[in-house]
Structure formats: structure tokens, C-alpha cells
Amino acid sequence: MDARAKSVVTDDPLWLRLLTAAAVPLAVLCAWEIAARAGWLNVYLLPAPTAVLRAGAELARSGELARDVGASVQRVLVGFVLAIVTAVPVAVLVQRCRTAEKLLRFPLNFVRATAPLALLPLLVLWCGIGEATKWAVILLVGFFPILLNTVAGLQSVRPQWLEMARTLDLTPLERVRFVIVPAAMPVFVAGLRLAFGNCWRALVGAELIATSVGLGYLIMDAQAIARTDMVYAGILVIGTLGFAADRAFVRLTRGLAGGGDALAED
Amino acid sequence: MLNGLDLLAESGQVHAILGFSGCGKSTLLRLIAGLDTADAGTISFGQVTAPRIGVVFQEPRLLPWATLSENLALALRRVGLSRADQARRIAAMLELVGLGGCGDLHPAELSGGMAQRAALARALLRNPDVLLLDEPLGALDPLTRRQMQDELVRLRAHFGRTTLLVTHEVAEAVRLADRISIIADGRIAHSFVVRAHADASALEAAILQTLFAAAPTARAA
């Protein structure tokens, strides 16, 4: 089944797939570059791609970029890990205890429907303007995909499998290790991927408040000093890192979901 | 559901249990397997206090993300073997049930019959004192079912001390069992002893007659 899944992806050779993926962006960039150099564009609003690259190189050389990337990645990771360690226990509780599920359904859905950025003023009041507020924003956007997917993952554990495990005298811990975790894993990892994407996108929002370091700050600061090329460079870095992280998650999902169609057969 | 049921399964024998759907055949096996608990009554296993019980359900219940070998290895968790010994036992057991060399396959790559062989192998790996077969061939097509019956006859020597076979099919019970009990109204309505070289079709006819006589006619109307 693995082979079948792969064959769909690898029908074309790698170079052709890369070319297909890059064709439209490259064409747009070329047209953009030409238009900027010909003076058809307002280069303050739309600086040429080469100018953006130069700005990026300038940021990289000065060490500013590394510092901002480091700060942002650290924030996202802290928030993301906090989201995991809070969402997973809640998911297990909700899944295992009907009363907890009934009690928590409404409040959880209410908070989920509230935009984290709307809570920002409150978070500033509660957590101050330090790192804690940024972590809290990222935690809030990462929490729900992890919660919902962990619950869905646990629901995909078939009672028949658990019964079979009991007839083999597996201990509760072994049942978790050999049945529950592997059964729930594909959906759980999909939730992590979703959550990480959310966290990364919420980063700039979180870095709007009183920061002096981070990719969000970099963009805001560049705008303040009228360096649009740097704004674009910052956006480019955020996009690239987010994309890379997402690809990494896809890889991870493939590795963990060895029995990918875990739900297809019994 | 079961009430006043008294069943003595002889050590070393295959004891088939027949009855209409909903008569409590499977409930009986689940009670013996410890999956359900009875409101009253006792289940004892002769001198054995903590018997090893092997169960084969109607569906194979193999974990789809694990290979056959990994699935079977779960049955050896309580045995405490070295990795090499474990692999050897699993390979030998797969060979025995006709799945030699299939250890690296995933359940999705098996036919229904093969998956059920694997489930049987998993149960036998425990070297069970009691083997419980809950309509193990019930989900198979008629041809595969027939083939698997031959297979079970061949494997009887490996079944362990005592086997309980729940089935819907009278011919299957006659082919596989030493003793056949019919459950009706929550108790054993009748028991038959299957003698070697006896006239199988006459026995089948007698069993069918008893079954229909014990049928829940009041509800059937």
C-alpha cells in the first residue's frame, strides 16, 4: 500500500516536479523584476525581487536576521510545546470521562470560537508585555487542533482491538503502547501539523506587542523605517520557514503512519 | 441471557456449541475469556487456577499498522523469551498454520482466510490451556470456510487441552468436534457425542431436529 501511495507522487521525475512547482512563481518574479527595473512599478510599494534579496542578504550579514529567526523559532516552539502538554491531557480526559466531556464541551467551544488576537489585550493585562503573552497567543492557536485531533485519534481506537489485547493479557501500559498510541498516531500527527502551521502564522500577531526582536518585529520595524524591501525579505523568511516546517511534518506523518490506512481494514 | 447453564468441557476435546442467534453462545465464550462478568455462577478450569486462554473471534482483529510477526509477538509478551527465540517461535507457528514466510506482510495484504489463520496462530502461540473459537470461520466465503475446516482438523493436535467452538453450522460442528451441545433458553438443551466413523449425516439430522425443536418458536411467530 505504501508503494501505491508513493507511485502517485513519483510519477514524474524530480526535476520535472520541481520545475512544475516553481514555474508560476518564477514567471511572476521575472515579470515583477522587469517591471520594477523598467520603472513601471512604485518600487517603494513593490521593490524588485533582487532588491528584496539584497535586503535579506544585508539582514543576514548584520546578524539581525539570525537573531530574529532564533527568537521567533524559540517562541513558536515554546508555545507549541505548551499547547501539546495542555491539549493532550485535556483530550485524554474528555475522551475517557463522559462527565468531563459534557462539562467542558461548551467552554472549550466558546474559547475556540474566540479569536486569540481578540484576547490579546486581556493577555497583556494578565501576562504583561514579556514573553509569556507571546507564548500564550501561540498556545491558544495551537491548542484546539491538537485537542480535537487527539480526541479523534483516540476515537479511532477500535474496541475490538482493545478486547483482543485483553485476551492476550497485555497490561494497561502495553495496551497504550501497542494499541492505543499507534492507532491514534496518524490523526494526532495531522493535528500537530495543523497546530504548528497555526502557531507559526500567529507568530507575527504575537510579536506585534512590545518586542524588540523576532520576525514579526523585523517586519514592523522595517515598515516604520520605510524599508519595504526588508518587509518583503522578512515575509519571505517567515513563509520559507513555515513551508519547511510543514514539509518536515509531512515526512514525520509518513514515517509514523506506517499503517497509514489504519482505519481501512479489520 | 444464560441461566442455569451447566457445561462440562472434557480436557483434550473439542466441544462445539450450537444454537440460534442470540441464544448466548458468544456470551458464554466471553464469560470464559474474562471479557464479560457473570451476575452469578462459576467457571473453573480443573486444577488450573490461572489458565492461559486463547481466543479467536469472528474477525481476525489484527492490528493493521503492524506486520504479522509484530501482531503475533503480542501473544508472547507474557512469556519472556529472547528476541531470537520469539522470532523462531513466531516463524514456526506461521509455518504451522500455512503462512510460512508471511511474517513481514501487513494485515491488509492478507485474504480473509489468511487473516483468520494468523488470528489462530496468535491464539495458539500462547500455548493455551483453553482455546475459544467464536465463530472463527463465520465471516469467510463458503469455499474458504471449507478449506479452513480441513485446516482446523489438521491442526487439532495443536489446539491445547480443551477447545470450545461456537458455530452456526451443524456440519462444521460434526466435522470438528468430539462433543456438541445445543444451547436454548439459556441452558444446555442437549448434548451429542461425535463418534469416529459414525454416520455424520445421520448425526447432523438428529442435531438439526433437536435444534429446531428447541427453537424460540414463541418469538419467531
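Note that the protein sequences, when read in sequence, are chains A and B. Read in order, the letters of the first sequence correspond to residues 1 to 266 in my numbering. Read in order, the letters of the second sequence correspond to residues 1001 to 1221 in my numbering. Where is the CB? At the ideal position from N, CA and C, for every residue including glycine. Predicted model only: the values in this text are computed from it and were never measured.
When the five nearest sequence neighbours on each side are left out, the beta carbons in the same chain lying within less than 6 Å of the beta carbon of L117/A are those of G205, in order along the chain. For A1189/B, none of the residues of chain A pass the 9 Å Cβ criterion, the least Cβ distance being about 28 Å. For G1054/B, DSSP records a beta bridge to L1131/B.
Contact annotation, L59/A with A233/A: C-beta distance approximately 6 Å; criterion of less than 8 Å satisfied. According to the DSSP assignment, T99/A belongs to the alpha helix (DSSP H) that extends over R98 to A113. For I219/A, the enclosing alpha helix (DSSP H) begins and ends at L215 to A224.
Taken through DSSP and simplified to helix, strand or coil, I209/A comes out as coil. Against D169/A, the close residues of chain B are R1078, in the order they occur along the chain (beta-carbon pairs closer than 7 Å). Under a criterion of Cβ atoms nearer than 7 Å, the residues of chain A adjacent to A1033/B are, in order, T167. One finds L168 in chain A with Cβ atoms closer than 8 Å to the Cβ of A1075/B, taken in chain order. Around I1180/B, no beta-carbon contact reaches into chain A at under 9 Å, the shortest distance being about 24 Å. The C-alpha of H1190/B lies about 6 Å from the C-alpha of S1181/B. Under the criterion of beta carbons closer than 8 Å, R1179/B and Q1013/B qualify as touching, at roughly 6 Å. For V187/A, there are no C-beta contacts with chain B under 8 Å, since the nearest C-beta of that chain is about 12 Å from it. Judged by DSSP secondary structure, I1207/B falls within the alpha helix (DSSP H) whose first and last residues are A1200 to A1213. A Cβ of chain A is located within less than 7 Å of the beta carbon of V1055/B. With a 10 Å radius around the Cβ and a threshold of 16 neighbouring Cβ atoms, A1214/B comes out buried. If you compare the alpha carbons of A55/A, L148/A and R175/A with that of Q160/A, the shortest gap goes to R175/A.
Taking a cut-off of 8 Å on C-beta distances, the region 48 to 58 of chain A does not touch the region 101 to 117 of chain A, as fewer than three cross pairs fall below it.
Collapsing the DSSP output to three states places T1163/B in a strand. Contact between the region 1105 to 1112 of chain B and the region 1082 to 1093 of chain B is absent: fewer than three C-beta pairs spanning the two stretches fall below 8 Å. The three-state reading of DSSP puts L148/A in helix, counting H, G and I together. At a beta-carbon threshold of 8 Å, none of the residues of chain A lie near L1072/B; the nearest stands roughly 10 Å away. Boundaries of the beta strand (DSSP E) around L1018/B: V1014 to L1018.
Taking the CA atoms as reference points, A245/A sits about 15 Å from G79/A. For the pair T1167/B and V1130/B, the CB atoms are not nearer than the 7 Å cut-off. Taking the C-beta atoms as reference points, A91/A is found no nearer than 7 Å to V189/A.
For the C-beta of P172/A, not a single chain B residue is nearer than 7 Å; the gap to the nearest is close to 13 Å.
Chain B places a beta carbon closer than 7 Å to that of M164/A, counting this residue as a contact. The contact set of L1176/B on chain A, defined by CB atoms closer than 8 Å, is empty, because the minimum CB distance reaches about 21 Å. Against chain B, a Cβ distance below 8 Å from V179/A picks out L1063.
Taken atom to atom, the span from the alpha-carbon of L82/A to that of S212/A is near 23 Å.
In terms of CA proximity to A1040/B, L1028/B leads the group A1198/B, L1028/B and G1019/B.
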